[in-house]
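Those letters in the sequence shown? Residues 21 to 340, per my numbering, in order.
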Amino acid sequence: MLNTLLRAGLVLLAFSTSASAEPIKVTLLGTGVPTPRPTSFSASTLVEAGSEKLLFDLGRGSTMQLYKLKIPLGAITANFITHLHSDHLVGLPDMWLTGWLATPWASRKGPMKLYGPKGTVAMTENLTKAFADDIHIRIDDEHLDPGAITFAAKDIERGLVYDNNSVNVTAIEVNHGDKIKPSFGYVVEYGGHKVVLSGDTKYDERIAKAAEGADLLIHEVAVIEPELLVRNPVYKDIQAHHTSPEEAGQIFASAKPKLAVYSHIVFGAVKPGPDIPEEPLILRTRTAYKGPLLVGRDLMSFRIGDTVESFAPDGAKLEP
């Protein structure tokens with residue numbers, strides 16, 4: 021009997037150790053901004069931890085990127101919003117409505133879980149009114165589950181906002197400007213590992229503190245050419261709400277993550293090109309930070325276990 025119990029205990033210990041060592045996978049679905057650039061969709065990041073598939077922001081193209089990854093829209097277990105700017109939200113109606121369809125690439129079971137700052141619940145109520153005709157038609161015509169087109173939405177405050185299947189998500193308040201409050205970043209913890217997403221923010225030491233010792237820190241950044249600031253003053257307002265590469269470098273140097281990655285990359289040029297050049301970002305960041313750094317691209321991914329491995333959109337391994 022004692023031997024049986026001992027063997028059972030060893031099996032349980034082995035399983036627990038294996039579960040705690042499971043990696044986290046992070047995929048940048050959208051690294052861009054409101055600019056309708058086809059090479060960089062707007063903000064959205066997928067975090068897969070254990071049985072949880074968590075989506076942070078639902079920018080333009082997030083559903084298409086999930087389709088490319090062959091992840092059913094209905095497989096997303098929870099969605100999180102950093103703030104209520106449109107480029108972080110325009111994919112929400114698509115995810116909500118399309119994810120409801122009874123197809124292999126959708127088929128959400130149950131309400132859509134959505135967490136975000138004050139105003140999130142009101143937004144879902146108004147979306148339900150706006151698409152009432154479509155909802156009623158599909159229930160009558162396609163016999164879709166009425167429960168799966170509802171929202172389980174919550175207006176959150178800073179602190180622990182999600183705890184499920186050993187995955188914890190904590191909201192941290194960040195400074196995206198005096199008129200955009202609250203605005204959140206998020207910390208995802210699972211199996212002894214930590215991923216931090218800054219959300220949209222100016223330089224904020226709270227991010228460095230939250231990201232101390234993180235496996236992966238994903239941070240926004242803005243580079244706007246001085247001439248453009250003179251030609252088009254609106255870019256001054258944009259720049260005032262974001263973090264410069266030098267400031268981001270200070271955050272990285274303080275937090276010392278295993279890997280720092282740029283996403284939500286604001287790049288303003290007098291003569292805009294088809295893509296965002298990496299060199300200005302990297303050179304300016306290096307004035308303060310010498311550690312591992314990558315400039316994010318759509319569908320770049322990261323596998324977090326004993327080490328942090330990085331992969332290009334085509335699956336090729338990357339070295340920071």
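Where a beta carbon is used, it is the ideal one built from N, C-alpha and C, also for glycine.
Between the options, which lies nearest to residue i when the distance is taken from Cα to Cα?
{"i": "V207", "options": "F76, V53, A63 and E339", "result": "F76"}
{"i": "K278", "options": "I227, R304, I169 and A234", "result": "A234"}
{"i": "R226", "options": "E245, I258 and S274", "result": "S274"}
{"i": "P137", "options": "S264, I101 and S60", "result": "I101"}
{"i": "L217", "options": "A280, K276 and R158", "result": "A280"}
{"i": "G325", "options": "G288, F287, A230 and Y210", "result": "Y210"}
{"i": "L354", "options": "F61, I91 and K90", "result": "This structure does not reach residue 354, given that the chain is present from 21 up to 340, and the question cannot be answered."}
{"i": "P58", "options": "Y223, T47 and R80", "result": "R80"}
{"i": "F272", "options": "R306, I192 and A260", "result": "R306"}
{"i": "G179", "options": "V187, A168, E193 and F171", "result": "E193"}
{"i": "K276", "options": "L237, K149 and D318", "result": "L237"}
{"i": "L74", "options": "I258, V181 and G212", "result": "V181"}
{"i": "K222", "options": "G269, G212 and L338", "result": "G269"}
{"i": "P297", "options": "G316, H103 and T190", "result": "G316"}
{"i": "A126", "options": "A168, Y135, E299 and L134", "result": "A168"}
{"i": "L109", "options": "K291, T144, G293 and D183", "result": "T144"}
{"i": "H239", "options": "T170, T148, H196 and R158", "result": "H196"}
{"i": "G212", "options": "T47, D334 and T327", "result": "T327"}
So, helix, strand or coil for residue i, using DSSP?
{"i": "I192", "result": "strand"}
{"i": "H108", "result": "helix"}
{"i": "D334", "result": "coil"}
{"i": "K45", "result": "strand"}
{"i": "A280", "result": "strand"}
{"i": "L313", "result": "strand"}
{"i": "F287", "result": "strand"}
{"i": "I200", "result": "coil"}
{"i": "P340", "result": "coil"}
Report yes if the C-beta distance between residue i and residue j is below 9 Å; otherwise report no.
{"i": "P54", "j": "D107", "result": "yes"}
{"i": "L49", "j": "L86", "result": "yes"}
{"i": "N185", "j": "E72", "result": "yes"}
{"i": "S264", "j": "A63", "result": "no"}
{"i": "V215", "j": "I244", "result": "no"}
{"i": "L164", "j": "L121", "result": "yes"}
{"i": "E266", "j": "R304", "result": "yes"}
{"i": "L338", "j": "L313", "result": "no"}
{"i": "G205", "j": "A230", "result": "yes"}
{"i": "L117", "j": "D160", "result": "no"}
{"i": "I176", "j": "H261", "result": "no"}
{"i": "G52", "j": "D318", "result": "yes"}
Which residues share a DSSP beta bridge with residue i?
{"i": "R304", "result": "Answer is none; R304 lacks a bridge partner."}
{"i": "R323", "result": "K45 and E329"}
{"i": "G293", "result": "For G293, which the question treats as bridged, DSSP gives no partner whatsoever."}
{"i": "G179", "result": "A191"}
Next item on the list: Would you mind listing the beta strand (DSSP E) stretches within the region 121–174 that are 3+ residues and don't spill past its ends, in chain order?
Entry: 132–136
Note to self: In chain order, what are the residue ranges of uninterrupted alpha helix (DSSP H) at least 4 long that sit wholly in the region 204–269?
What the structure shows: Uninterrupted alpha helix (DSSP H) stretches at least 4 residues long and entirely within the region 204–269 occur at 225–230, 246–251 and 254–259, given in chain order.
Next item on the list: Run through the region 49–116 for me and flag every whole beta strand (DSSP E) of 3 or more residues, listed as ranges in chain order.
Entry: 64–69, 72–76 and 98–100
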